[in-house]
Every structure is written in C-alpha cells, then in structure tokens.
Amino acid sequence: MNLDPQTIERLAAHLDAAETERREVHKITDDYPDMDWEDAYAIQDALRALKEARGVRVAGLKMGLTSHAKMRQMGVVDPVYGFITDYGAVADGGEIDTKRLIHPKVEAEIAFVTKRPLKGPGCHIGSVLAATDFILPAVEIIDSRYENFRFDLKSVIADNTSSARYVLGGTHRNAEGIDLKNLGVVMEKNGEVVAMASGAAVLGHPAQSVAMLANMLGARGREIPAGTLILTGGVTEAVAVAAGDNVTVRFQHLGSVSMRFV
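Going by the numbering used here, the residue at position 3 of the sequence shown is 14; the numbering climbs one at a time, nothing skipped.
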C-alpha cells in the first residue's frame, strides 16, 4: 500500500459525500497517481465502514468488469468487486428518482444467492453451482461519482464499482438444469430493444463470476457467506437512462424485470 490510513479515510469520506450530495468529482488517481490496488480496496472498505456506521446495511456483493474483452482492453486479469446496500434496493416495477443520481446507466445481470459459504483459492464453477440456493433476474443501475463517467480501475474500485441501485425479479429458479451460459437476455427501453446478450457474456458463464469473487476474497482472507446475494456483472452493455424512461429486461427461463425513471 502507498497511501497512509488518514488519506484512505479522507478519500472514502470524499466519495461518500459525492454520492450523498449527488456531486461529480474528478477521479482520485489524478491527485494520487501512486495509489495501488490494495489502496483502492482499502478505500472501498473504509467507504463501507462509513455507511455501516450510520446504519446502512450491506445487502450483498457485486462484480464488475466481467467481460473478457473489456478485461483485455483494460489490461487486467481479474474483474473488480464491490458491495450493494439496503437503500439501493428497488422493487420490481418500481420508480427510481433520477434527482438522487448523477448519470445513471442500467445493465442486465443474473443474480445468485448462496446456501453455503464459498471461499477461495480453488473455487470453480462446480463449487458455485453446488453452493447456490437459487438464481434470479436483476438489473443494476450504476452511477459513477466521477465526472462524465470517466475513471480508471483503481478509482472505480474505490468508488464501490459505481454501485447505486438494483432491481430484482420475482422469479427464483434452481440453477440445476438451466443452461446459464446460453440463457438469452433482451433489454427494452421505452418499448424498443436496446441490447441483447446471453449469460456467456459474463466470463463465459455467470457462475465463473461468483467463483472469481470467492477466489479474490480468499486472497484477502475473506469468504462469501451463506445467504449472500451476488450480482454477477453486466450481461448487456450499460445503457444510459433519464427521467421519463421505462426499462424492461426479459430473461429466458427467469421472467422479466422492469422499472421507471422519474
């Protein structure tokens, strides 16, 4: 680590204020170019502690940068991870207030809920499927606190991987017997198709995203507890939304998820 504890705490408070005040900031590596990966996750941990100290409950974990093409483009070998909160949850079919966000985008995801702990190293797709209680459809609303949605990976890790809101569908399914790799997804905005993809867009198989999360946490001496909700990363590209937009995402075998932006 290259940053001292006081700087880590100060940067966490800076990013927390940017979210709560709906205020864009420039990426923190502009001022701290020597910040390393451990610093980035330490800032995220401090951000989480700040939220929990004022009563926010962590509702689950999330993965980002789960496209192989995007990882190659960014020159990294692992995705990034963050957490989701109780205040980020929106009911299926519910309204999302854009006045409380900066520049929201939506992406379709396949969510997992575990029935027993997962810990790396050595976690693999088979381990994940055996430990999965059920899967369900989800849409994540990401909202970077950085100006113009421009950032580098260390800055976005510190900013909790742009986490903002999420909507879960009502159809819970056992993963057994479902071809998650080829599960089709169609996103519509205001009645027009804006994105189509399959589960393979997430690291070749969405369970691989959970396995990588377990292995990344294992390297830090942590695990995925039983009963954890995990957003596995965008199946579709992130699509910008604004007040007045209606989004519906249809998932093969899993039903649909919808929301309105006001």
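Every residue gets a Cβ at the ideal spot worked out from N, C-alpha and C, and that includes glycine.
No experiment lies behind these values; they were computed from the predicted model shown.
Scanning the region 197-272 for uninterrupted beta strand (DSSP E) segments of 3 residues or longer gives 203-209, 240-242, 257-262 and 266-272, listed from N- to C-terminal end. For Y52, the uninterrupted alpha helix (DSSP H) run begins and ends at W48 to A64, by DSSP. Taking C-beta atoms as the reference points, E120 and T243 count as a pair closer than 8 Å.
When the alpha-carbon of K200 is set against those of K110, K38 and M270, the nearest one is in M270. Taking 8 Å as the cut-off, the Cβ atoms of V91 and I168 count as close. Classified as buried, G131 has 16 or more neighbouring CB atoms from the shown chains inside 10 Å of its CB. When secondary structure is reduced to three states using DSSP, G99 falls in the helix class. L147 is a Cβ neighbour of T182, given a cutoff of 8 Å. Approximately 13 Å separates the beta-carbon atoms of K116 and V260; this is outside 8 Å, ruling out the contact. Bridge pairing for G71: I95 [DSSP].
V117: member of the beta strand (DSSP E) spanning K116 to T125, first to last residue. Among the bridge pairs identified by DSSP, S174 is matched with I153. Per the C-alpha coordinates, the member of S174, T109 and N193 positioned closest to N257 is T109. Looking at the DSSP output, T143 sits in a beta bridge with T125. Taking a cut-off of 8 Å for Cβ pairs, the region 215-222 and the region 149-164 do not touch, as fewer than three such pairs fall below it. Taking a C-beta distance under 8 Å as the contact criterion, R176 and G99 qualify as a contact pair.
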